[in-house]
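**Student:**
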Ligand code: GLC
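Numbering (the numbering used here), first residue to last: 488 to 947.
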């Protein structure tokens with residue numbers, strides 16, 4: 488964790504150095520290098536040099552996210568000649584990205600205008616963003632009107648004390664990716680239970696290794712000690728009837744037999760059907776093994792679908808997605824993820840930044856991101872759009888996965904969700920890596936959560 492904070496600090500310094508210098512036409516990388524975008528304008532960063540405005544988006548860089556954001560930025564500049572939009576790439580891991588944001592907020596820095604924020608952050612970060620309800624898009628529609636097109640549950644999630652903290656941008660839910668060619672080869676069906684998945688993963692792994700692929704693994708997922716593990720472990724636990732760590736009424740439920748049983752079971756995957764290194768994997772580590780053709784199953788978000796089917800992908804056309812397994816067939820759970828666009832209170836141009844955020848989250852732009860990058864829209868009507876469904880048949884066939892996704896306890900624990908989540912993922916990680924029993928780990932975690940929240944304990 489120490490190393491990560493150091494990297495974050497360095498990233499911030501680089502970011503601020505870049506912001507202070509000549510940033511014309513560049514994409515700044517808040518975690519290291521720099522890239523170039525084509526054709527940005529020429530204004531003083533953050534300033535109004537010639538009556539022009541420069542807006543800076545702090546954006547994600549998982550998979551092809553950055554490329555897609557740069558495309559939107561260019562589209563906005565094409566339509567708005569007086570505006571320069573710069574895209575700043577931020578670290579992949581949620582904690583690291585949050586670290587960069589918090590340092591900017593602490594300095595009340597105007598260097599960031601539009602922030603890509605996680606679905607778990609509105610409660611924790613509300614104080615740093617403007618209320619988008621009364622802001623308007625280029626056609627004069629208010630944020631409150633625009634929000635009516637989006638899934639009500641996400642809008643509610645993003646509304647804190649009546650203020651719309653972020654306009655929904657894309658939504659996420661955990662999926663099971665499976666190699667359809669290999670299931671056929673070994674005469675297997677997509678598994679509906681964790682036990683079946685384990686057995687299928689072992690069979691395929693043994694078979695592929697016998698045929699000479701020593702690098703082949705049964706199942707890859709997100710096992711590093713970070714927010715991604717909170718998402719994966721919540722899925723295991725909820726799919727076993729073990730609740731959702733802290734329920735929406737504020738009851739701490741993590742210390743129960745179903746949760747203990749499934750996390751102990753997952754610990755058994757490490758080094759057997761999953762690489763020993765899975766306990767340091769994030770989304771992209773899992774996808775790299777999977778997309779190289781070296782895994783039978785992967786747990787990941789929808790973004791991996793279009794990348795896996797790209798022309799240069801070794802597994803193009805050889806895989807499909809299904810709901811994640813459960814303790815019993817049909818008992819599936821997917822964690823709700825997704826990202827919103829928020830406008831910083833410290834922005835020098837909040838009205839312009841809101842217009843940009845509304846443009847980025849518009850149906851037109853969400854459609855492009857859905858068709859080309861398999862990023863799930865937050866605008867309900869796009870799920871009736873044939874081009875969107877043709878590009879991503881699972882948006883329709885797995886509709887229930889998205890509508891029934893399990894929320895992390897971010898609203899009920901705000902503004903302390905980040906602390907709660909790190910207690911949880913560190914506890915799970917200790918079971919995966921340090922040989923701790925989930926029984927001991929969750930007894931201790933329950934006490935820590937009681938101390939941190941003051942909430943009562945109970946059954947899921
Ligand atoms: C995805 C989800 C986000 C989650 C993160 C964890 O980006 O959309 O909600 O927190 O993964 O790694």
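Every residue gets a Cβ at the ideal spot worked out from N, C-alpha and C, and that includes glycine.
What's the gap between the Cα of residue 725 and the Cα of residue 668?
**Tutor:** C-alpha separation (whole angstroms): 30 angstroms.
**Student:** Could you give the DSSP three-state label for residue 529: helix, strand or coil?
**Tutor:** Low confidence applies to residue 529: its pLDDT is 31, below 50, so where it sits in the model is not reliable, and the reading given next is rough at best. Coil, per DSSP.
**Student:** With DSSP as the reference, identify every bridge partner of residue 704, one or two as the case may be.
**Tutor:** 782
**Student:** With a threshold of 7 angstroms on Cβ separation, who are the neighbours of residue 920 within its own chain once the five nearest residues in sequence on each side are excluded?
**Tutor:** 766
**Student:** If I follow the unbroken beta strand (DSSP E) through residue 656, where does it start and stop?
**Tutor:** Boundaries of the beta strand (DSSP E) around residue 656: 654-660.
**Student:** Does the distance from the CB of residue 559 to the CB of residue 829 come in under 8 angstroms?
**Tutor:** no
**Student:** With 16 other CB atoms within 10 Å as the buried threshold, where does residue 819 fall?
**Tutor:** The residue in question, residue 819, is buried, as its Cβ has 16 or more Cβ neighbours within 10 Å.
**Student:** Taking only heavy atoms of ligand 1 into account, decide whether any of them is closer than 7 angstroms to the Cβ of residue 581.
**Tutor:** yes
**Student:** When burial is assigned at 16 or more other CB atoms within 10 Å of the CB, is residue 602 buried or exposed?
**Tutor:** buried
**Student:** I'd like to confirm something about residue 604: is its beta-carbon nearer than 7 angstroms to some heavy atom of ligand 1, or not?
**Tutor:** no
**Student:** Can the beta-carbon of residue 446 be found closer than 8 angstroms to that of residue 600?
**Tutor:** A question about residue 446 goes unanswered here, because the residues of the chain that appear run from 488 up to 947.
**Student:** Residue 940 lies in the alpha helix (DSSP H); which residues open and close that run?
**Tutor:** 925-940
**Student:** Kindly indicate which three-state DSSP category residue 699 falls into: helix, strand or coil?
**Tutor:** coil
**Student:** In whole angstroms, give me the CA-to-CA distance for residue 836 and residue 842.
**Tutor:** 10 angstroms
**Student:** Under the assumption that residue 816 contacts residue 707 (Cβ atoms under 8 angstroms), give the Cβ distance between them as a whole number of angstroms.
**Tutor:** Going by Cβ atoms, the distance from residue 816 to residue 707 rounds to 23 angstroms, so no, they are not a contact pair.
**Student:** In this structure, does DSSP put residue 509 in helix, strand or coil?
**Tutor:** Caution is warranted here: a pLDDT of 33 is assigned to residue 509, below 50, making its placement in the model unreliable, and the coordinate value is therefore given only provisionally. Coil, per DSSP.
**Student:** Report yes if the CB atom of residue 622 is closer than 8 angstroms to the CB atom of residue 838, and no otherwise.
**Tutor:** yes
**Student:** Can you tell me whether residue 651 is buried or exposed? The criterion is at least 16 other CB atoms within 10 Å of its CB, across all chains shown.
**Tutor:** buried
**Student:** DSSP state of residue 895, grouped into three classes?
**Tutor:** DSSP, read as helix, strand or coil, puts residue 895 in coil.
**Student:** Going by C-alpha to C-alpha distance, which of 855, 609, 865 and 885 sits closest to residue 874?
**Tutor:** 855
**Student:** Determine contact between the stretch 739-751 and the stretch 713-731, defined as no fewer than three beta-carbon pairs at a distance below 8 angstroms.
**Tutor:** yes
**Student:** Just curious, the beta strand (DSSP E) that residue 573 is in, first and last residue?
**Tutor:** 570-576
**Student:** Between residue 941 and the rest of its own chain, which residues show a CB-CB distance below 7 angstroms, the 5 nearest in sequence each way excluded?
**Tutor:** none
**Student:** Whose C-beta lies closer than 8 angstroms to the C-beta of residue 786 among residues of the same chain, with five residues either side of it excluded?
**Tutor:** 661, 662, 663, 664, 706, 707, 708, 709, 719, 722, 773 and 811
**Student:** Taking 7 angstroms as the cut-off, is the C-beta of residue 755 nearer than that to any heavy atom in ligand 1?
**Tutor:** no
**Student:** Is it the case that the stretch 543-562 contacts the stretch 576-592, given that we only count it when at least three CB pairs across the two stretches are under 8 angstroms?
**Tutor:** yes
**Student:** Label residue 895 either buried or exposed according to how many other C-beta atoms from any shown protein chain fall within 10 Å of its C-beta, with 16 as the threshold for buried.
**Tutor:** buried
**Student:** Buried or exposed: which applies to residue 814, given that a residue is buried once 16 or more other Cβ atoms fall within 10 Å of its Cβ?
**Tutor:** The residue is buried, with at least 16 neighbouring Cβ atoms inside 10 Å.
**Student:** Roughly how many angstroms separate the alpha carbons of residue 865 and residue 947, rounded to a whole number?
**Tutor:** 29 angstroms
**Student:** Determine the contact status of residue 899 and residue 821, defining contact as a CB-CB distance below 8 angstroms.
**Tutor:** With respect to the 8 angstroms criterion, residue 899 and residue 821 are not classified as neighbours on the basis of their beta carbons.
**Student:** Is the Cβ-Cβ distance between residue 805 and residue 666 less than 8 angstroms?
**Tutor:** yes
**Student:** Out of curiosity, what's the CA-to-CA distance linking residue 793 and residue 882?
**Tutor:** 12 angstroms
**Student:** Once you ignore the five residues that flank residue 688 on each side, which residues in its own chain have a CB closer than 6 angstroms to its CB?
**Tutor:** 705, 706, 760, 783 and 784
**Student:** Decide if residue 473 is buried, meaning its Cβ has at least 16 other Cβ atoms within 10 Å, or exposed.
**Tutor:** No information on residue 473 is available, as it lies outside the stretch 488 to 947 that the chain covers here.
**Student:** Is residue 761 helix, strand or coil by DSSP?
**Tutor:** strand
**Student:** Express the C-alpha separation of residue 736 and residue 840 in angstroms, rounding to a whole number.
**Tutor:** Residue 840 and residue 736 have their C-alpha atoms spaced approximately 36 angstroms apart.
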